[in-house]
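Residue numbers (the numbering used here), protein chains in the order written: chain A, 7 to 381; chain B, 7 to 381; chain C, 7 to 381; chain D, 7 to 381. Below is one structure, written out as structure tokens; the observations come after it.
There are 4 protein chains.
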Amino acid sequence: MTERVLRMGMVGGGQGAFIGDVHRLAARLDGQIQLVCGAFSRDPENCKATGRQLGLDLDRCYTDYQDMMLVEATLPASERMDFVAIVTPNHVHFPVAKAALKAGFHVLSDKPATLNLDEVKELAKIVHANDTLAYGLTHTYLGYPLVSAARAIIAEGGIGKVRKVFVEYIQGWLAGEVDNKQADWRTDPARSGISGCMGDIGTHAHNLAEYVTGKVMTHVAADLSIFVEGRLLDDDGSALFRMEDGVKGVLSASQVCVGKENSLSIRVYGETGGLEWNQEEPNTLVRTYTDRPTEILRAAQGYLPEAVQAGFRTPPGHPEGYIEAFANIYLEFGRALQTQGGVKAGMDAAVRGMAFVEALVDSSNNNSTWTEISA
Amino acid sequence: MTERVLRMGMVGGGQGAFIGDVHRLAARLDGQIQLVCGAFSRDPENCKATGRQLGLDLDRCYTDYQDMMLVEATLPASERMDFVAIVTPNHVHFPVAKAALKAGFHVLSDKPATLNLDEVKELAKIVHANDTLAYGLTHTYLGYPLVSAARAIIAEGGIGKVRKVFVEYIQGWLAGEVDNKQADWRTDPARSGISGCMGDIGTHAHNLAEYVTGKVMTHVAADLSIFVEGRLLDDDGSALFRMEDGVKGVLSASQVCVGKENSLSIRVYGETGGLEWNQEEPNTLVRTYTDRPTEILRAAQGYLPEAVQAGFRTPPGHPEGYIEAFANIYLEFGRALQTQGGVKAGMDAAVRGMAFVEALVDSSNNNSTWTEISA
Amino acid sequence: MTERVLRMGMVGGGQGAFIGDVHRLAARLDGQIQLVCGAFSRDPENCKATGRQLGLDLDRCYTDYQDMMLVEATLPASERMDFVAIVTPNHVHFPVAKAALKAGFHVLSDKPATLNLDEVKELAKIVHANDTLAYGLTHTYLGYPLVSAARAIIAEGGIGKVRKVFVEYIQGWLAGEVDNKQADWRTDPARSGISGCMGDIGTHAHNLAEYVTGKVMTHVAADLSIFVEGRLLDDDGSALFRMEDGVKGVLSASQVCVGKENSLSIRVYGETGGLEWNQEEPNTLVRTYTDRPTEILRAAQGYLPEAVQAGFRTPPGHPEGYIEAFANIYLEFGRALQTQGGVKAGMDAAVRGMAFVEALVDSSNNNSTWTEISA
Amino acid sequence: MTERVLRMGMVGGGQGAFIGDVHRLAARLDGQIQLVCGAFSRDPENCKATGRQLGLDLDRCYTDYQDMMLVEATLPASERMDFVAIVTPNHVHFPVAKAALKAGFHVLSDKPATLNLDEVKELAKIVHANDTLAYGLTHTYLGYPLVSAARAIIAEGGIGKVRKVFVEYIQGWLAGEVDNKQADWRTDPARSGISGCMGDIGTHAHNLAEYVTGKVMTHVAADLSIFVEGRLLDDDGSALFRMEDGVKGVLSASQVCVGKENSLSIRVYGETGGLEWNQEEPNTLVRTYTDRPTEILRAAQGYLPEAVQAGFRTPPGHPEGYIEAFANIYLEFGRALQTQGGVKAGMDAAVRGMAFVEALVDSSNNNSTWTEISA
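Okay, here's the thing in structure tokens:
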């Protein structure tokens, strides 16, 4: 639990958007975070309607995020927002985050952090220059307690020295031409950056691989593809990769695997064991051994690592899902804010994520040459 | 969405309780219901501490549920609670529900509705005598949209005339002697009623079978067991059953199936098809055909029946779980309250549930003789 | 391996039959049994054609099984058949087995052993009266090594005292009217006996439950059904049952569960653990524990009980299936013949199987009264 | 069925070997192929003992495969072997195959065909120079009818233009140092060739990808690894690949994925659908669609492509496994021999397989540069 209810402002998430709703569900679930203001849309109608539906004071519904920063900063400490949640399309993440941080507000941003590595490094400079500022990136999938369990098991040597990682995030919803708001900006370089699929979901795979293994990914040899004619950004890609300490792996991300919904999976094999997890069955973690039967580890069970026991809201067999994972990201950000002050881990992951995307694109443009990820 | 945010009072759910928290998570998730008061515990310390943690006005934290009814009834309509959520152990459901209904408050009760059939019939009399009163029972598992999808598919003839039903709810947590608050009252006749396992979870199986098939269960031939020595109530049981229109089936419930978490499953076979669902993988519904491949129907997909499309909060592949299902029960109760006034369906299911338990116990006590369920 | 290649005669299994081919595949697989003669069909054309295709000496292809017994009995010991495999429709099992046994030939019969309890008891009398005669029943599913592994684990106390058994055999192929040779005799009382579905597949479930638990089933309370109009024998049924030592359970068999292929499954729960197995994924055995993760036991792994290690032909991950299981039945029968002489276990199981069917039908005809299985 | 029973000679497969037994089980299963002679071992004791156990004429058990070719060639056409099955360690495949082909015997060889590309090209020259000679490679996994079903569905446009392929063959048995006969030669360059894992199992993955898609793999960018210290050949590797017509993919093979048994899987996604298959559950083929539920296609069902219907021995739900798949390879080779005379498809696949391995090793040695597969 957080010490007191935290006050959140939101940029983006007006009517018609998708991810804003999910952020609000997640923030609301545990009753520890209260939405107090928002710049939901530049369209005043949409902005007010959204605020009204959310029961907000309409004076705190802003059509311009800059105004929000200015006005909120003038409110008494007991009222003004504590942090800004950024849920806009990718290209707006950077200016909003920068404005918020400059105005002294903590930031919890949807990913990717920015459109490119330069931008994220600029954010990092601001964040690291200020001891108390916190920056978080909603790498939702780290919010699943069994992902943390996998990390904990590996950290304590449960599978021995890590050797090989398979990580994959495949979807099918962009297999044809898609005509909707979600698809539009994701396939537009101006709003998505230099990569489509890899920026959108490949970054989750990268982040998951680093988080679970506890190793930094150092090099990639990538082959990105555009399968749907006329599309301007990659809708598929695979990469060989290398991590610290001799770990090797394969990462794939695709939005043209027809029939796949949201299949993010990771499999890690070490010298003495393995772990396998898939986001679509998030309450199960498979553990393999050399000479013993494979085990099915299940959410909320007492045999899981101590460190993850607090992450469950319901007993075994009562499935928790994506919203709960997302809520865990919010809870953890809120708790970190209150107990540690300026939290930098999210910032560092954000920089590495953007560096990963740039390295992928560079490698793919250079005939899949091994390319260093320089964060 | 509900028309306006509804105000909820809660009885039970003080610190140390389990299900109260789940109700609050569920009620809070969609921002349509606000907890405004509670009689969380008869212990004043616990009651206040719970209220404080929940950010309640401490004046509206009552140590006596009767007081709550009295005081809240005197508040202006714009402030007083709209309905009471009952989350106490079983034996307290009846007196609280009765008091609430008599005071004119709608009731959303955890199940089973009461300790026995007489009590629930008394409640039903009150509810049916008052056009505007609503009574709901949190048969959580009906909150999964794919359960409603199964019902819709069957209702529109998707599997032909229903023939055979297998329904099962098995757990393992009471396989040995268990010494905790949850186990204590569930195995105590004074607090649980005439049945342990069947009252606690068999009723969910019964309710699910009736809901999905749209048929009333009419007769049972049951064999209840106490496997753990010294226990006073059944911890396991199976029953043959018959429903309207020639449907036959088998129902099992057990709390001694070691290693099972919360495995509620139903399989229904008709003349031309079948449907299979398991609560532990709630986002998947399996559909079988005579001469076509088995299909895997998945949550939030456009091909699901129109009627269930509104039940999902996230796109396909973003798993929703138990809390979301529970929240759907709250949402539906809230919406029904606002649009239809006095809602009686929950009351009728509650009566049938208690009649089912009594018939089971009678049958088991009479050498498994076929026994009518007289609701 | 057997000591020498055994010589087999076959009754039934002419062209157009199904199970005869499977028996031959099974007998042939390990090179330990040679088909030397057969009464494949009463139609001389069919009989010869079958023999020719199988590369048999046509002099040893008989149109009358009685002739086969007579003639073969006159051949020198080094040439005459060692045993008779019976693969006819059910109603012919008895007369052939009787004739073979009386002629001094061992019998390996498809199941059920006979049309009714009286017949099988008559066979048992013959078999038990002769020290050297062997009788086996091809309860194919016992040929899966993981079924034996389950039995071994339970026998050595691996799940504690057994409490509850769920056993089920469901298919969908008779959900409508079916017009073929296989369906014809199975739904004809004159050829199938007093039960259709239960005699055909329910007996496998019964046999599996007794084999795995090592307990005798003593009582049933059954509800058999005919769902397809005009059919004369049960095509579905469920029964509560009781075994020795307080074990309770549920058995279902059905041929009208649309879309199910050949789903024979058993789940057994004891005081400290459980085991789950399904014939359609026969190389996996699930083992549950009280406070440890569920384990996936896999065929051919070194951690399986020593007693079953010899039952696999290929290493882990190289799936063995139905034919291999069937071949194991043949191998075991052959080995038993050579090492133990007159083998009676199959006879006893055969008698219990018929007694089980009679008890089921009696119970179902008597309003599902608990009925003793008197073998 | 074959026209007449074919006579087989075998090289390799003495006592203590693994794959020889499997070949014999496969060849024997359908009664269409008879083992008549063998050069099972250079050790006379072993060779005779093997022959005796198999019921062979000991005069036809040769300690030298050259002798076998010479002697058998002198036998009358009605007695001499029709073809040679080669089941030795890899390095002996080539000399035996060459000797057999030169002596005019057809060859069915275990894979890989030879130690290197030059050798296999030499074989190809011999085979292609002789109209009647047949050469087959036991790419066992193509013997699963559902693999052929996948190929047929793709060939008829069932998933649209193919875009992306994931193919993977992972095992765990060489995760540590292993001290047995099977492991010894597989990790010895002199007996295994230039690659360990990729030669042993990566070739199956390559072959499966080409067979299922009907496309030739043209380029690879590979990263092979030796994870176990002191090992001389790769025990793991991944490669990006490209096929004709713009198909892209990822191929991984590993023998150090702890706990994996024999997990060969392929997933193919086209413009309008996808197919997924895993060797460890070979009787299931998953088919995905754009706007329809995923389907579970099952072995022996009438809805499968006509072309594969003959490949099943048992009805749906009676699992067929590895031995049956292997037997299908034998059956098909036998039938092809009899109906088409000199069969060259196996030879071509063999050449492509060796070229694939060489390209992988070259690429991996050249910093994962894209390398052409020049068959």
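Positions of the beta carbon are idealized from the N, C-alpha and C atoms, including for glycine.
- Setting aside the 5 residues that flank it on each side, C:A109 is surrounded in the same chain by M75 and A79, each with a C-beta closer than 6 Å to its C-beta; the list follows chain order.
- Residue pairing by DSSP places D:T377 opposite D:V226 in a beta bridge.
- When secondary structure is reduced to three states using DSSP, B:G208 falls in the helix class.
- The beta-carbon of C:G142 is placed no less than 7 Å from the nearest beta-carbon of chain B.
- Between B:P311 and B:A189, the C-beta gap is not smaller than 7 Å, which leaves the two residues out of contact.
- Fully enclosed alpha helix (DSSP H) runs of no fewer than 4 residues occupy 25-35 and 50-59 of the segment 24-60 of chain D, in order along the chain.
- Taking every protein chain shown into account, the CB of C:S231 has 16 or more other CB atoms within 10 angstroms, so this residue is buried.
- Contact between the segment 10-28 of chain B and the segment 262-272 of chain A is absent, with fewer than three C-beta pairs closer than 8 Å.
- Apart from sequence neighbours up to five positions away, the residues of its chain that approach B:E183 with a beta-carbon distance below 7 Å are V234, ordered along the chain.
- When DSSP states are grouped into helix, strand and coil, D:G276 belongs to the strand group.
- In this structure the segment 141-160 of chain A lies against the segment 282-289 of chain A, because at least three pairs of beta carbons, one per stretch, are closer than 8 Å.
- Not a single C-beta of chain B is nearer than 7 Å to the C-beta of A:N334.
- Distance from the Cα of D:V28 is smallest, within the candidate group D:Y328, D:V367, D:A381 and D:T219, for D:Y328.
- Judged by beta-carbon spacing, A:S84 lies beyond the 7 Å limit of A:H99, meaning their Cβ atoms are not closer than that value.
- Beta-carbon to beta-carbon, D:S260 and A:K170 are separated by about 6 Å, close enough to satisfy the 8 Å threshold.
- Flagged as an interface residue toward chain A: D:D229, by a C-beta distance shorter than 7 Å.
- Under the three-state reduction of DSSP output, C:Y309 falls in the coil class, being neither helix nor strand.
- For A:C263, the three-state secondary structure derived from DSSP is coil.
- Chain order gives no chain A residues near B:V314, where near means a beta carbon separation below 9 Å; the closest approach is about 17 Å.
- Non-local beta-carbon contacts of A:S47 in its own chain, meaning distances under 6 Å to residues more than five positions away in sequence, involve G20 and C53 in chain order.
- Take D:M223, set aside five residues on each side of it, and the residues of its chain with a beta-carbon closer than 7 Å to its own are H212, A215, E216, F247, M249, F362 and I379, in chain order.
- Using beta-carbon distances, B:T300 counts as an interface residue toward chain D, with a partner under 7 Å.
- As computed with DSSP, B:N284 is found in a beta bridge with B:S271.
- 7 Å or more divides the Cβ of D:A119 from the Cβ of D:F332.
- Contacts between C:Y309 and chain A, judged by CB atoms closer than 8 Å, involve D297, R298 and P299 in chain order.
- For the 7 Å CB-CB criterion, C:V113 and C:Y141 form a contact.
- Of all residues in the segment 16-49 of chain D, the ones placed with a Cβ closer than 7 Å to any Cβ belonging to chain C are V28, L31, R34, L35 and G37, in chain order.
- Taking the C-beta atoms as reference points, D:I335 is found nearer than 7 Å to D:T144.
- Note that the C-beta distance between B:R304 and B:P322 is below 7 Å.
- In the displayed model, C:I176 falls within a strand according to three-state DSSP.
- At a C-beta separation below 8 Å, A:E287 has these neighbours in chain B: E287 and P325.
- Within the segment 264-293 of chain D, the residues whose Cβ lies closer than 8 Å to any Cβ of chain B are, in chain order, R293.
- Between B:G44 and B:L62, the beta carbon gap of about 7 Å places them in contact (Cβ cut-off 8 Å).
- In the structure shown, the three-state DSSP call for B:V113 is strand.
- One alpha carbon belongs to B:R197, the other to B:W191, and they sit about 6 Å apart.
- Residue state for D:D354 is assigned as helix, using DSSP reduced to three classes.
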